[in-house]
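Student: Pasting a structure here, questions to come.
Number of protein chains: 2
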Amino acid sequence: MDIPRKDVHNSDTPLLCQACESRHRGVCGALTSDQLLRLSKHSTRRSVEPGTELVGESLQAKSYSNIISGVVKLSKMMADGRQQIVGLQFAPDFLGRPFRAENGVSAEAATDVKVCSFPRNVIERMIGEMPELEHKLLEQTLTELDEARDWMLTLGRKTAAEKVASFLLLISTHAFPDNEAESVAFDLPMSRVDIADFLGLTMETVSRQLTKLRKDNVIHIVNNRHVSVPDLTRLSDRAGY
Amino acid sequence: MDIPRKDVHNSDTPLLCQACESRHRGVCGALTSDQLLRLSKHSTRRSVEPGTELVGESLQAKSYSNIISGVVKLSKMMADGRQQIVGLQFAPDFLGRPFRAENGVSAEAATDVKVCSFPRNVIERMIGEMPELEHKLLEQTLTELDEARDWMLTLGRKTAAEKVASFLLLISTHAFPDNEAESVAFDLPMSRVDIADFLGLTMETVSRQLTKLRKDNVIHIVNNRHVSVPDLTRLSDRAGY
DNA sequence: CGCGCACCTTGACCGGAATCAAGGACGGCG
DNA sequence: CGCCGTCCTTGATTCCGGTCAAGGTGCGCG
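Protein sequence lines, in the order shown, are assigned to chains A and B.
My numbering puts the first residue of the first sequence at 424, with every later residue one more than the last.
My numbering puts the first residue of the second sequence at 424, with every later residue one more than the last.
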């Protein structure tokens, strides 16, 4: 379920985290190898299953994490159970908000997820010493803000058909970041219910719209989770752009 | 139409900008008086009417601004004209995105607006010299991200009635930031069409819901723009919290 | 004061998505 | 291999909010 993606936050050569035995791109790209080594001493690696709550059980509250692989969904819930997914985070995004308490957003693994976490005080001290690190955080936060606002247009103004097409395009973009090909195939990182919660729809409507796209030969669906798109421009047309 | 509000971004004592003859709170709260003086030499003040485009005509593209008074709406539009307001900015918010091109968001004055602007290169050089300034920007960006995600829940999952109640609560909160009173009165900073574009509804639906709130004695409407709320908790109940 | 226009409200009707309700497909496990 | 549970699809119906179409209201301006 690993979804490859480019590093959207910087083009530096990634550095190696000793503890994670994994490349810390994203935010840690700003660190020198010396600093990364220091950070590595405090970092712990962790692998979780879909559905695991990554906040509330100490992860996001007391620590910050790099997502090494997988997809994390950020969601908000109303008292009566209505739920809205307000963001998806892909590797190598940074998870957690320095200098902020969480704002009623819960983070949950959508797929199998691997994260590398550091204690709050360590990373905050480092930020104090390294303005570049804070700059990286600002960059990622601006990217997330852009994504949130794009999605607000989708939620507020698009039809069900356009919403589902927009979702498929979003996932395909993350699966093939630099792809110029017109034909792609990828796995959906989440269930129909999750997709509905992301799009502000019901599961049934999502299903019907996927069926419609399939019958119109815009997509092929294999095994409910694997989708292929023979012509991305046709999908793009359906997304309302 | 000036809407009073607290400074949500910092609690420093505001400093005075010479050019603006106005308090630069928000982001500029991080500056020393020496630096503010330097900034002031390059800043220009400006007063615009509702409907004025603040981006595209050089303001946001080439410069950054502090909103001194009034409300600015940030919106996205689809090719066929469907529009979604993705954020409202109140004084003393900062308008403009260092190190980023705009992302298809246009900024327009909702009310009479006064802004104080600085050239892009001046503020970016200052940020390079002053990590605290970048920290302020990160803080504001995180706040905007929280607001965007809160609104995504409203757009995706609330009913028309809940959306309109949520909007009124949002405006009343900005009008009386620290108010613990249960009864408030305030002006709506935008037209029914704008409210609809913010809520992902039509003008007619907004109007009907306001009428319903009026008939249920949750609000009183005077002059189409002035609203009084005798009991905020009753309004809050209608917002779905 | 009253004309005219922009903004808002109200009504009638329609349609798209939600809801309610079965039934089907896939995957895990015995 | 076949059972079972979860996830997904499909159908019938309802209902909320959109659309279309008139009026109403308040405000600026002559």
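The beta carbon of each residue, even a glycine, is placed where N, CA and C say it ideally should be.
Keep in mind that this is a model prediction, so the values were computed, not measured.
Show which residues of chain B have a CB atom less than 7 angstroms away from the CB atom of V528 of chain A.
Tutor: Ordered by position in chain B, the residues that pass the 7 angstroms Cβ test against V528 of chain A are R572.
Student: Measure the CB-CB distance between L367 of chain A and G579 of chain B and report whether it falls below 7 angstroms.
Tutor: Chain A is shown from 424 up to 664; residue 367 of chain A falls before or after that span and cannot be answered.
Student: Name, in chain order, the residues that DSSP records as bridge partners for T467 of chain A.
Tutor: DSSP output for T467 of chain A lists A:S540 as bridge partner(s).
Student: Can you give the Cα-Cα distance for G551 of chain A and R572 of chain B, rounded to whole angstroms?
Tutor: Approximately 27 angstroms between the Cα atoms of the pair.
Student: Using 8 angstroms as the threshold, is the region 579 to 589 of chain A in touch with the region 608 to 625 of chain A, meaning 3 or more CB pairs across them?
Tutor: Short answer: they touch.
Student: Buried or exposed: R661 of chain A, going by 16 or more other Cβ atoms within 10 Å of its Cβ?
Tutor: Buried, because 16 or more other Cβ atoms sit within 10 Å of the Cβ of R661 of chain A.
Student: Verify the CB distance criterion: does K496 of chain A have a CB-CB separation below 7 angstroms to chain B?
Tutor: No, K496 of chain A does not count as interfacial toward chain B.
Student: Taking just the CA atoms, how far does D457 of chain B sit from G474 of chain B?
Tutor: Taking the straight line from one Cα to the other gives about 36 angstroms.
Student: Run through chain A and tell me which residues come within less than 9 angstroms of A502 of chain B, C-beta to C-beta.
Tutor: Chain A residues near A502 of chain B: G663 and Y664.
Student: I need the DSSP call for A662 of chain A, collapsed to helix, strand or coil.
Tutor: Correct three-state label for A662 of chain A: coil.
Student: Going by CA-CA distance only, name the one from A:G493, A:I642 and A:L497 that's closest to D569 of chain B.
Tutor: Measuring from the Cα of D569 of chain B, the nearest candidate turns out to be A:L497.
Student: Suppose only complete runs of 4+ residues qualify. What are the alpha helix (DSSP H) ranges in the region 526 to 581 of chain B, listed by chain order?
Tutor: Those alpha helix (DSSP H) runs which fall completely within the region 526 to 581 of chain B and span 4+ residues are 543 to 552 and 554 to 580.
Student: Using Cβ-Cβ distances below 8 angstroms, what residues of the region 546 to 568 of chain B are close to chain A?
Tutor: Taking 8 angstroms as the Cβ-Cβ cut-off against chain A, the residues of the region 546 to 568 of chain B that qualify are P554, E557, H558, L560, L561, E562, T564, L565, E567 and L568.
Student: Just to make sure I have the definition right: I need the residues of chain A whose C-beta is within less than 7 angstroms of the C-beta of L578 of chain B. Which are they?
Tutor: Ordered by position in chain A, the residues that pass the 7 angstroms Cβ test against L578 of chain B are M575, L578, G579 and G623.
Student: On a Cα-Cα basis, can you pick out the residue from B:A532, B:G504, B:K464 and B:P521 that is closest to E472 of chain B?
Tutor: For the residues B:A532, B:G504, B:K464 and B:P521, the minimum Cα distance to E472 of chain B belongs to B:A532.
Student: Output yes if chain B places a C-beta closer than 7 angstroms to the C-beta of V509 of chain A; else output no.
Tutor: Yes, because at least one Cβ of chain B sits closer than 7 angstroms to the Cβ of V509 of chain A.
Student: I want to verify the contact list: residues of chain B whose CB lies under 7 angstroms from the CB of R523 of chain A, in sequence order.
Tutor: The contacting residues are L565.
Student: Closest to L459 of chain A by CA distance: which of A:L611, A:F541 and A:V616 is it?
Tutor: The shortest C-alpha separation from L459 of chain A is found at A:F541.
Student: Which one of B:I491, B:F513 and B:F590 has the shortest CA to CA distance from L636 of chain B?
Tutor: Among B:I491, B:F513 and B:F590, the Cα nearest to that of L636 of chain B belongs to B:F590.
Student: What residue from A:D617, A:K559 and A:S606 has the CA that sits closest to Q506 of chain A's CA?
Tutor: If we check each option's Cα against that of Q506 of chain A, A:D617 comes out closest.
Student: Is the distance from the Cβ of V494 of chain A to the Cβ of F517 of chain A below 7 angstroms?
Tutor: It is not a contact, given that the beta carbons lie outside the stated cut-off.
Student: What number of angstroms, rounded off, separates the C-alpha of V478 of chain A from the C-alpha of P612 of chain B?
Tutor: Roughly 37 angstroms between the two C-alpha positions.
Student: Can at least three beta-carbon pairs, one atom from the region 595 to 607 of chain A and one from the region 649 to 663 of chain A, be found at a separation below 8 angstroms?
Tutor: Enough Cβ pairs lie closer than 8 angstroms, so yes.
Student: Could you tell me which chain A residues have their CB closer than 7 angstroms to the CB of R657 of chain B, listed as they occur along the chain?
Tutor: Near R657 of chain B there are no residues of chain A at all, since even the closest Cβ is about 17 angstroms away, more than 7 angstroms.
Student: Output yes if chain A places a C-beta closer than 7 angstroms to the C-beta of R469 of chain B; else output no.
Tutor: No, R469 of chain B lies away from the interface with chain A (no Cβ there is under 7 angstroms from its Cβ).
Student: Against chain B, does R461 of chain A count as a neighbour if the rule is that its beta carbon must be under 7 angstroms from one of theirs?
Tutor: It does not: the Cβ of R461 of chain A has no partner Cβ on chain B nearer than 7 angstroms.
Student: Taking the alpha-carbon positions, what's the P515 of chain A to D601 of chain A distance?
Tutor: For P515 of chain A and D601 of chain A, the distance between alpha carbons rounds to 16 angstroms.
Student: Just the chain A side, please: which residues come within less than 7 angstroms of R505 of chain B by C-beta, in chain order?
Tutor: Within chain A, the residues near R505 of chain B are R580.
Student: Can you tell me whether DSSP reads E603 of chain A as helix, strand or coil?
Tutor: In the structure shown, E603 of chain A sits in coil (DSSP, three-state: anything other than H, G, I, E or B).
Student: Can you list, in chain order, the residues of its chain whose CB lies under 6 angstroms from that of R520 of chain A, leaving out five sequence neighbours each side?
Tutor: Answer for R520 of chain A: no residue qualifies.
Student: For L497 of chain B, which of helix, strand or coil comes out of DSSP?
Tutor: Strand at L497 of chain B.
Student: Might you give, ordered along the chain, the residues of its own chain that have their beta carbon closer than 8 angstroms to the beta carbon of T666 of chain B, omitting 5 neighbours on each side?
Tutor: Since the first and last residues shown for chain B are 424 and 664, residue 666 of chain B lies out of range.
Student: In or out: A502 of chain A buried (at least 16 other Cβ within 10 Å) or exposed?
Tutor: It is exposed - the Cβ of A502 of chain A has fewer than 16 other Cβ atoms within 10 Å.
Student: Taking 6 angstroms as the limit between beta carbons, can you name the residues of its chain near H643 of chain B, skipping five residues before and five after?
Tutor: Result list for H643 of chain B: S651, in chain order.
Student: If I measure Cβ to Cβ from F402 of chain B and keep anything under 7 angstroms in the same chain, skipping five residues before and after, which residues do I get?
Tutor: Coverage of chain B is limited to positions 424 through 664, which leaves residue 402 of chain B absent and any answer about it impossible.
Student: Does the beta carbon of K499 of chain A sit closer than 7 angstroms to a beta carbon anywhere in chain B?
Tutor: Yes - at least one Cβ of chain B is within 7 angstroms of the one on K499 of chain A.
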